[in-house]
Amino acid sequence: MTNVPVHEWTLLEAARKVREKEISARELTSALLARIETLDPKVHAYITVLPEASTALASACDEDLAKGVVRGPLHGVPVGLKDIFCTRGARTTCGSRILHNFDPPYDACVTEKILGAGAVLLGKHNMDEFAMGSSTETSYFGPTRNPWDLSRIPGGSSGGTAAAVAAAMCFAGVGTDTGGSIRQPASLCGVVGVKPTYGRVSRYGMIAFASSLDQGGPITRTVADAAMLLGVIAGYDRRDSTCVDIPVPDYLSAADRPVKGLRVGLPKEYYEGGGLSPEVREAVEKALKALTDQGAVAVEVSLPHTSFALSTYYLIAPAEASSNLARYDGVRYGYRSESATGLIEMMSKTRAEGFGEEVKRRIMIGTYALSAGYYEAFYGKAQKVRTLIRRDFAKAFEVADVLLTPTAPTPAFRLGEKTGDPLTMYLSDIYTIPCNLAGIPGISVPCGFSAEGLPIGAQLLADSFREETLFAAAGAIERGLPVPRTAPLKG
Amino acid sequence: MAITREEVLHVARLARLSLSEAEADRLRLQLSAILDYVKQLDRLDTRDVVPTSHAVETGTPFRDDIVQPFGDREAILANAPDRQNDCFRVPRIIED
Chain A
0 MTNVPVHEWT
10 LLEAARKVRE
20 KEISARELTS
30 ALLARIETLD
40 PKVHAYITVL
50 PEASTALASA
60 CDEDLAKGVV
70 RGPLHGVPVG
80 LKDIFCTRGA
90 RTTCGSRILH
100 NFDPPYDACV
110 TEKILGAGAV
120 LLGKHNMDEF
130 AMGSSTETSY
140 FGPTRNPWDL
150 SRIPGGSSGG
160 TAAAVAAAMC
170 FAGVGTDTGG
180 SIRQPASLCG
190 VVGVKPTYGR
200 VSRYGMIAFA
210 SSLDQGGPIT
220 RTVADAAMLL
230 GVIAGYDRRD
240 STCVDIPVPD
250 YLSAADRPVK
260 GLRVGLPKEY
270 YEGGGLSPEV
280 REAVEKALKA
290 LTDQGAVAVE
300 VSLPHTSFAL
310 STYYLIAPAE
320 ASSNLARYDG
330 VRYGYRSESA
340 TGLIEMMSKT
350 RAEGFGEEVK
360 RRIMIGTYAL
370 SAGYYEAFYG
380 KAQKVRTLIR
390 RDFAKAFEVA
400 DVLLTPTAPT
410 PAFRLGEKTG
420 DPLTMYLSDI
430 YTIPCNLAGI
440 PGISVPCGFS
450 AEGLPIGAQL
460 LADSFREETL
470 FAAAGAIERG
480 LPVPRTAPLK
490 G
Chain B
0 MAITREEVLH
10 VARLARLSLS
20 EAEADRLRLQ
30 LSAILDYVKQ
40 LDRLDTRDVV
50 PTSHAVETGT
60 PFRDDIVQPF
70 GDREAILANA
80 PDRQNDCFRV
90 PRIIED
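The following block contains the structure:
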């Protein structure tokens, strides 16, 4: 048996080894904290590390276990959270100056669930400001770097989480996905990322970006780990009125379900565009072969409104964001401008100084699209096209159980390469956005590397609440195309 | 779809964002480019299409109207940029 270093264990292995007392939660936590201390100055995946709190929590887990108490499936296992989930006792910034000192008075539902399952919270992961971005470069706290190549971006907005998981600075993390913010960074960092069905995971205490699109989900190094973690965070919560009250199935057992006879749809519009890199296309073709080798059947499908998804998204998301972000006014919490004399001036200056460029741009687009005289032409129109996009998927799922596409058009790009032109940056989410508009679940699973050694991910999409099908198909790709999951970073 | 500098400043006022001269100029160009791009939606006939406001239709959830006290007022007030006793302090609202 080869000796796998502690930090490279899967989430499931780490959980089993703590339960079976092969290692204590305290030892496991201190191994990961040491790794963060060595590597994070280079990667910058964390905004906040919690050495004292995590050590104390690990000790409490060890004491419980000595008494025979297992808190849950994550007992004693160190994980991280995107800094968008409120954590009582640990500041929650959303990557923004305007919340740089915000100390939430309550925990998000996802925070409660992972702590309730026994997890040890190592810290809070870096992200694009208010989850608006595709590269983690819009963070007020500075960019995260891709662990596979430090000159490149990790994707975004959950770039800190994907990078921390890929660099083995935590066993798993939870990110959020509004237009691809879990799947795109997972793809670019060579890890697994799941965007669950809208309503599957509670949004309570998850700082809102675009409420009709936002969904939290796991980022892990294996499909089975993602399935287990989704089982922990999914479920009904009355504090989120859009959370759906249906039972949470056993996702973990779905991850090694056979795929014989599974109908894999290939949406032709996703493979036609000129922006798809040949290396990504080749890697996704290998993922398809892995599926068909195990008995799945390929079928061509069409999603005719695909080319309208980006426009639809860039009206709906900023419109909802401009409304959600109206609450940041410097009155009750967060940053306040010191230089104003009157109330309105204080609010306008607070927002001007507290928000970064991308956030202001989206507030402006959204406010414009919702303003008198333009509502029908922009937001109203986009909501109608959203219906057409949903219908496309409903039709495709009549002939296919799952759809296979690239996650991102290219492997990770370089820092600064796309910050000058917002529209070019937006195009990196072209394959992930339609899924959020339709509310369906999606997963990104590693399926190869570029010639330069950069990870490539394949995206699978299924009909609403069919996450089990995603895990079965992603598990089959993982078995057929085993690739390394931990970036070879030297300490 | 070119938007004017006045429109940019009007929207910024609605959004309570004070913009520098340079920001207003840059945003005018960027918003015009983005609005040009999204105008492609006009090519689609959506007269008979019902809008989607939420992808998963769950209906309107109801609950009993029962007060649930939060309990830790201090944790909320501790975040105040400026406070006076149990109140959030703000600059003067009525100007001279």
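Protein chains in written order, with numbering that gives the first Met the number 0: chain A, 0 to 490; chain B, 0 to 95. Virtual Cβ for every residue (Gly too), placed ideally from N, Cα, C.
So if DSSP puts P266 (chain A) in a beta bridge, which residue, or which two residues, is it bridged to? In the DSSP assignment, P266 (chain A) is bridged to A:V300.
For Q382 (chain A), write down the residues that DSSP places opposite it in a beta bridge. According to DSSP, Q382 (chain A) bridges with nothing at all.
If you count every other CB in all the chains shown that lies within 10 Å of the CB of N435 (chain A), and 16 or more means buried, which is it? buried
Inside the region 269-339 of chain A only - alpha helix (DSSP H) runs reaching at least 4 residues: 277-292, 308-323
How is S150 (chain A) classed by DSSP in three states: helix, strand or coil? coil
Is A14 (chain B) helix, strand or coil when you go by DSSP? coil
Spell out whether any CB of chain B is found under 8 Å from the CB atom of L453 (chain A). For L453 (chain A), the closest Cβ of chain B is not nearer than 8 Å.
In chain B, which residues lie less than 8 Å from D102 (chain A) when you measure between Cβ atoms? A74, A77, N78
Using a Cβ-Cβ distance under 8 Å, would K259 (chain A) count as near chain B? no
D244 (chain A) and Y235 (chain A) closer than 8 Å at C-beta: Their beta carbons are under 8 Å apart, which means D244 (chain A) touches Y235 (chain A) by this criterion.
Straight-line gap, M0 (chain A) to R15 (chain A) (C-alpha atoms, nearest Å): With a pLDDT of only 46 at M0 (chain A), under 50, the local geometry of the prediction cannot be trusted, and no value is derived from it.
Inter-stretch contact at 8 Å, needing at least 3 Cβ pairs: the region 164-176 of chain A / the region 68-85 of chain A: With a cut-off of 8 Å, the region 68-85 of chain A and the region 164-176 of chain A count as touching, because enough Cβ pairs lie within range.
What whole-angstrom Cβ distance do I455 (chain A) and L290 (chain A) have, given they're in contact under 8 Å? No, I455 (chain A) and L290 (chain A) are not in contact; Cβ-Cβ is about 16 Å, not under 8 Å.
With DSSP as the reference, identify every bridge partner of R82 (chain B), one or two as the case may be. B:F87
If I measure Cβ to Cβ from Y425 (chain A) and keep anything under 7 Å in the same chain, skipping five residues before and after, which residues do I get? L309, Y313
Within 8 Å of chain B by C-beta, residues of the region 378-410 of chain A in sequence order: G379, K380, A381, Q382, K383, V384, R385, T386, L387, R389
Taking a Cβ distance cut-off of 8 Å, strictly less, list which residues of the region 241-275 of chain A are near chain B, in chain order. Here the close residues are T241, V243.
Does any residue of chain B bring its CB to less than 8 Å from the CB of K123 (chain A)? no
P77 (chain A) (DSSP reduced to helix, strand or coil): strand
Helix, strand or coil: which one does DSSP assign to C108 (chain A)? helix
Reference A461 (chain A); option with closest CA among A:G329, A:T404, A:R478: A:T404
With a CB to CB cut of under 8 Å and the five nearest residues on each side skipped, what residues in its chain are close to Y378 (chain A)? L314, I315, A318, A368, L369
Is V10 (chain B) close to chain A, meaning its C-beta is less than 8 Å from at least one C-beta of that chain? yes
Close-in-space but distant-in-sequence residues of the same chain around A11 (chain B) (CB under 6 Å, 5 per side omitted): L18
Give a yes or no on whether 8 Å exceeds the smallest Cβ distance from T196 (chain A) to chain B. yes
For N84 (chain B), is the classification buried or exposed, using 16 other Cβ atoms within 10 angstroms of its Cβ as the cut-off for buried? exposed
Contact set for Y139 (chain A): own chain, Cβ-Cβ below 8 Å, skip 5 residues either direction: Cβ neighbours of Y139 (chain A) beyond the five flanking positions: T92, G94, S95, R96, H99, E128, G355.
Does DSSP classify V17 (chain A) as helix, strand or coil? helix
By the three-class DSSP mapping on this structure, what secondary structure does L426 (chain A) have? Residue state, collapsed to three classes: helix.
To the nearest angstrom, how far is it from the Cα of Y491 (chain A) to the Cα of I232 (chain A)? With chain A covering only 0 through 490, there is no way to say anything about residue 491 (chain A).
Do you know how far the Cα of V164 (chain A) is from the Cα of T406 (chain A)? 18 Å
Using a C-beta to C-beta distance shorter than 8 Å, which residues of chain B count as neighbours of A55 (chain A)? Under the 8 Å cutoff, chain B gives no residues; its nearest Cβ is about 19 Å from A55 (chain A).
Could you name the residues of chain A that Q39 (chain B) contacts, counting a contact when the two beta carbons are closer than 7 Å? F307, S310
Using C-beta distances below 6 Å, list every residue in its chain close to T485 (chain A), excluding the 5 sequence neighbours before and after it, in chain order. E7, A167
Stretch-stretch touch, CB-based, cutoff 8 Å, three pairs: the region 355-364 of chain A with the region 384-400 of chain A: no
Would you kindly report the start and end of the unbroken beta strand (DSSP E) that includes L43 (chain B)? Where L43 (chain B) is concerned, there is no enclosing beta strand (DSSP E), given that its DSSP letter is neither H nor E.
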